[in-house]
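Residue numbers (this note's numbering): 2 to 278.
Single-structure report; data block below.
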Ligand code: 13P
């Protein structure tokens, strides 16, 4: 069933666990993630990232409808979320489709501009009864140098002010994860996360979830992370399954193989985030 970000994150808070939040760049990802969540009997969040449409992967207007339809019929609560929206018109499109939450990403903007645009996103989402995630500090880009420069990490005092004054429902913070593949083991700034948690009263989100060790997942969850964004390693699992297949003649065979591998990868993440492993 379709669920709001707040409902899902309240559940995570009550259970002291985190909810897996997966980018779904195609129908296969949507099916894999929902099947994994149903098997684990855990809520889950499906996300469409604005950048994926810009990369030519799938249009919000198309995949958004698939995400909403399959969320609706799922046996577990499923949030449908717009990830890293950088312009308000695009966020509005997601809200018009019925997305239950949006992320406005003004993390590369100066504080004042990020604050002003995030506040507008909150105002707009409220008209749809939707929730808002926003970011302060900046996560590195895919394939960027390993680890974020510390100057880009979230400042705990700024995070407190930002969360209190914008009225957002969840805060993405930067403390050492990056999007995409890690070429060496990420080193997370746990004391910083602990400090942010002690000052910020809304659920915290970790982006760049792929490639973090199971031990570090458990630790960030114990320090208050309630939503973990995850994509690259699930997509890589799908790609590797296809690469390992001898007969690559038909797309439908490859799609079935990739879906099964992505489901297994998402299932592991969901179980770890749920504290079941
Ligand atoms: P990864 O692709 O590194 O798992 O990160 C996904 C993400 O943070 C999407 O917002």
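The C-beta atom is built at its ideal place from N, Cα and C for all residues, glycine as well.
| Item | Value |
| --- | --- |
| Identify whether residue 118 lies in helix, strand or coil by the three-state DSSP scheme. | helix |
| Where does residue 143 fall in DSSP's three states? | Low per-residue confidence applies at residue 143: pLDDT is 40, beneath 50, and the placement is therefore not dependable, though the value from the model is reported in the following sentence. If DSSP states are grouped into helix, strand and coil, residue 143 belongs with coil. |
| What residue does the alpha helix (DSSP H) around residue 39 start on, and which one ends it? | 28–41 |
| Do residue 177 and residue 189 come within 8 Å of each other at the CB atom, strictly closer than that value? | yes |
| Can we count residue 84 as close to ligand 1, meaning its CB is less than 7 Å from some heavy atom? | yes |
| Quick check for students: name the residue ranges of the alpha helix (DSSP H) that lie wholly in the region 170–203, counting only runs of 4 or more. | 191–200 |
| In the structure shown, what three-state DSSP assignment does residue 3 receive? | strand |
| Find the nearest neighbour of residue 267 within the set 13, 28, 5, 41, judged by alpha-carbon distance. | 41 |
| Tell me whether residue 131 is buried or exposed, calling it buried when 16 or more other Cβ atoms sit within 10 Å of its Cβ. | buried |
| List the residues that DSSP assigns as beta-bridge partners of residue 136. | 173 |
| Taking DSSP as the reference, what is the three-state secondary structure of residue 12? | helix |
| Where do the ends of the alpha helix (DSSP H) carrying residue 206 lie? | That residue, residue 206, is in no alpha helix (DSSP H); its beta strand (DSSP E) goes 205–207. |
| What residue range does the beta strand (DSSP E) around residue 75 cover? | Per DSSP, residue 75 belongs to no beta strand (DSSP E) and is neither H nor E. |
| Let me check one thing: in DSSP terms, what residues is residue 228 bridge-paired to? | 20, 206 |
| With a threshold of 8 Å, are at least 3 pairs of Cβ atoms found where one atom belongs to the region 230–239 and the other to the region 209–219? | yes |
| I believe residue 139 touches residue 108 by the beta-carbon criterion, under 8 Å. Please report the beta-carbon distance rounded to the nearest angstrom. | 4 Å |
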